[in-house]
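Numbering (our numbering), first residue to last: 181 to 604. We put the CB at the ideal spot given by N, CA and C, even for glycine. Just below is one structure, and these are the notes that go with it.
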């Protein structure tokens, strides 16, 4: 099949898939309220620059870019997002006082990538520059933008090995409407993108997520957990662990208590619905556990606490002597270990941290975060931190220095976007 025939035939098939999916999407409770806007995007405002932020994570990136953008003349911008959470972040985090007065900004819902809806959306907005964040590769959108002669930028680009393999299998399709430029967050991501978009200019940039990081010294602040933990006892926290890790977490608790019995251990499962089942598991294994909501005064001595209140984890971190962050004992991608590390707390993770590989393996050289081979190694490391407290301010300084070296991605993105707009 020739290239000329391949693209139209692909979109005929793609359109059939969307027609089949739309009746089901219309009944989805989270989509129903905005369904009509997604299939008929006549409400979208015209804009010089259109930035698409898929969900919460990308919305925060978009906010950072907007705040770093300082155009020397008036410019209209459209921010779109796919989720309600993304919409909430964009509307709440951006007020006119927080960005340049030269920017006229509108926020809206992102259309479905059906060829009909996306053609209408691009015609309606008619952007000079389209900014996609991380891995926002939608074929109907890219095809419509290419025909509209819109400059397409992929910013803060990341591409996992698995996604890279899938995109390489269909690279003939993507090559037909590849972005003009890609700024990837690492050399490995850049290499994977180059294997799909061989004719695109691809460079690297600092991850914008670092611009949102702030090292904090919370000494003197209290939390609900600190109010019930005896001051003379060390505090170990197991944070954000998942159902698949629960058996290993129980083994770690037993091993940790065998070596350092005189301590308080606080457990924060990743998902609240696992509180009751995990509580039963702990009891079956012979561990006496208190629920956080049932404790109203300072504990008389060592204890295990299963925290069942939402939203208290960050404050609890600041009082810990050591933290283990889950999602990392089995291949689940890991959880945010930079949050306790940024507070100067010795932080331990398992061998799996793919979702946070963007932080960079050099973080382990600071001595604040330790990546362990297995649960036994993790327990050994936690015990070491419990017995040797070290200098918290030195740890804060080390993480702060690391983060400062990695910042600047927002400005790089803003400069690249404005340079592309100026060429039009």
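Exercise for the section: Give the single residue among 369, 374, 298, 226 whose Cα lies nearest to the Cα of residue 177. Expected result: Because the chain in this structure spans residues 181 to 604, residue 177 falls outside the shown range and cannot be described.
Handout entry: Which of helix, strand or coil DSSP assigns to residue 290
Key = Residue 290 falls in the coil class under three-state DSSP.
Problem - Assigned exposure category for residue 414 - 16 Cβ within 10 Å defines buried - result: buried
Practice task
Just confirm the distance between the C-beta atoms of residue 547 and residue 425, as a whole number of angstroms; I'd bet it's less than 8 Å.
Solution key: With 8 Å as the limit, residue 547 and residue 425 do not qualify as a contact, their Cβ atoms being about 25 Å apart.
Handout entry: residue 255 - DSSP class collapsed to helix/strand/coil
Key = strand
Practice task
Using a threshold of 8 Å, state whether the C-beta atoms of residue 479 and residue 409 are closer than that.
Solution key: yes
Handout entry: Integer Cβ distance of residue 305 from residue 335, believed to fall under 8 Å
Key = At roughly 18 Å, the Cβ-Cβ gap does not stay under 8 Å, so residue 305 and residue 335 are not in contact.
Practice task
Return the CA-CA distance between residue 181 and residue 355, expressed in angstroms with no decimal places.
Solution key: Its pLDDT being 46, under 50, residue 181 is placed unreliably in this model, and the value from its coordinates should be taken loosely. Between residue 181 and residue 355, the C-alpha separation is close to 16 Å.
Practice task
Tell me whether residue 601 is buried or exposed, calling it buried when 16 or more other Cβ atoms sit within 10 Å of its Cβ.
Solution key: Under this definition residue 601 is a buried residue.
Problem - Supposed contact pair residue 257 and residue 284 - C-beta distance, whole angstroms, cut 8 Å - result: 7 Å
Practice task
Over the uninterrupted alpha helix (DSSP H) stretch that includes residue 518, give me the two end residues.
Solution key: 518 to 521
Practice task
Tell me whether the beta-carbon of residue 307 lies closer than 8 Å to the beta-carbon of residue 234.
Solution key: no
Exercise for the section: With a threshold of 16 other CB atoms inside 10 Å of the CB of residue 393, please say whether the residue is buried or exposed. Expected result: Residue 393 is buried by the Cβ-count criterion.
Practice task
Output the residue ranges of the alpha helix (DSSP H) runs that lie fully inside the region 431 to 494 and measure 4 residues or longer, sorted by chain position.
Solution key: 455 to 464, all fully within the region 431 to 494.
Handout entry: Alpha-carbon to alpha-carbon, residue 463 and residue 486
Key = 11 Å
Handout entry: Sub-8 Å separation of residue 333 and residue 543 beta-carbons
Key = no
Problem - Endpoints, alpha helix (DSSP H) assigned at residue 343 - result: 341 to 349
Exercise for the section: Could I get the ranges of all uninterrupted beta strand (DSSP E) runs contained in the region 527 to 578, with 3 residues as the minimum, in chain order? Expected result: Taken in chain order, the complete beta strand (DSSP E) segments of 3 residues or longer contained in the region 527 to 578 are 527 to 529, 549 to 551.
Handout entry: Nearest candidate by alpha-carbon position, reference residue 289, set 278, 274, 603, 267
Key = Checked all of 278, 274, 603, 267; the closest Cα to residue 289 is 267.
Problem - First through last residue of the beta strand (DSSP E) which encompasses residue 605 - result: Past the boundaries of the shown model lies residue 605; the chain is included only from 181 to 604, so the question cannot be answered.
Practice task
Mind reading off the beta-carbon distance from residue 321 to residue 238? Whole number of angstroms is fine, and I expect it under 8 Å.
Solution key: Actually they do not touch by this definition, with Cβ atoms about 15 Å apart.
Exercise for the section: Give a yes or no on whether the C-beta atoms belonging to residue 299 and residue 331 are separated by under 8 Å. Expected result: no
Practice task
Let me know if residue 568 comes out buried or exposed under the rule of 16 or more other beta-carbons within 10 Å of its beta-carbon.
Solution key: exposed
Exercise for the section: Would you kindly report the start and end of the unbroken beta strand (DSSP E) that includes residue 232? Expected result: 229 to 233
Handout entry: Neighbour-count burial assignment, residue 222, 16 or more Cβ in a 10 Å radius
Key = Result: exposed.
Practice task
Leaving aside the five residues before and after residue 404 along the sequence, list all residues of the same chain whose C-beta is less than 6 Å from its C-beta, in chain order.
Solution key: 492
Handout entry: Residues near residue 385 in its chain [Cβ-Cβ closer than 6 Å; skip 5 each side]
Key = 363, 589, 592
Handout entry: Three CB pairs or more closer than 8 Å across the region 502 to 520 and the region 416 to 433
Key = yes
Handout entry: Residue range of the unbroken beta strand (DSSP E) whose run includes residue 384
Key = 381 to 384
Problem - 6 Å CB neighbourhood of residue 250 in its chain, flanking five on each side removed - result: Apart from the 5 residues on each side of it in sequence, residue 250 sits with its Cβ closer than 6 Å to the Cβ of 280 in its chain, given in chain order.
Exercise for the section: Please determine, among 218, 579, 248, 430, the residue with the shortest C-alpha to C-alpha distance to residue 202. Expected result: 218
Exercise for the section: Run the CB neighbour count on residue 372, radius 10 Å, all protein chains shown included, and call it buried at 16 or more, exposed below. Expected result: By the 10 Å Cβ count, residue 372 comes out buried.
Problem - Simplified DSSP assignment, three categories, for residue 182 - result: The predicted position of residue 182 is uncertain, since its pLDDT is 48 and thus under 50; a value taken from the coordinates is nonetheless stated next. Residue 182: coil per DSSP, three-state reduction.
Practice task
Report buried or exposed for residue 387, applying the criterion of at least 16 other Cβ atoms within 10 angstroms of its Cβ.
Solution key: buried
Exercise for the section: Quick one: using the 10 Å Cβ neighbour count with 16 as the cut-off for buried, is residue 586 buried or exposed? Expected result: buried
Practice task
Assign residue 499 to buried or exposed, taking buried as 16 or more other Cβ atoms, counted over all protein chains shown, within 10 Å of its Cβ.
Solution key: In summary, residue 499 is buried, with 16 or more beta-carbon neighbours lying within 10 Å of its beta-carbon over all protein chains present.
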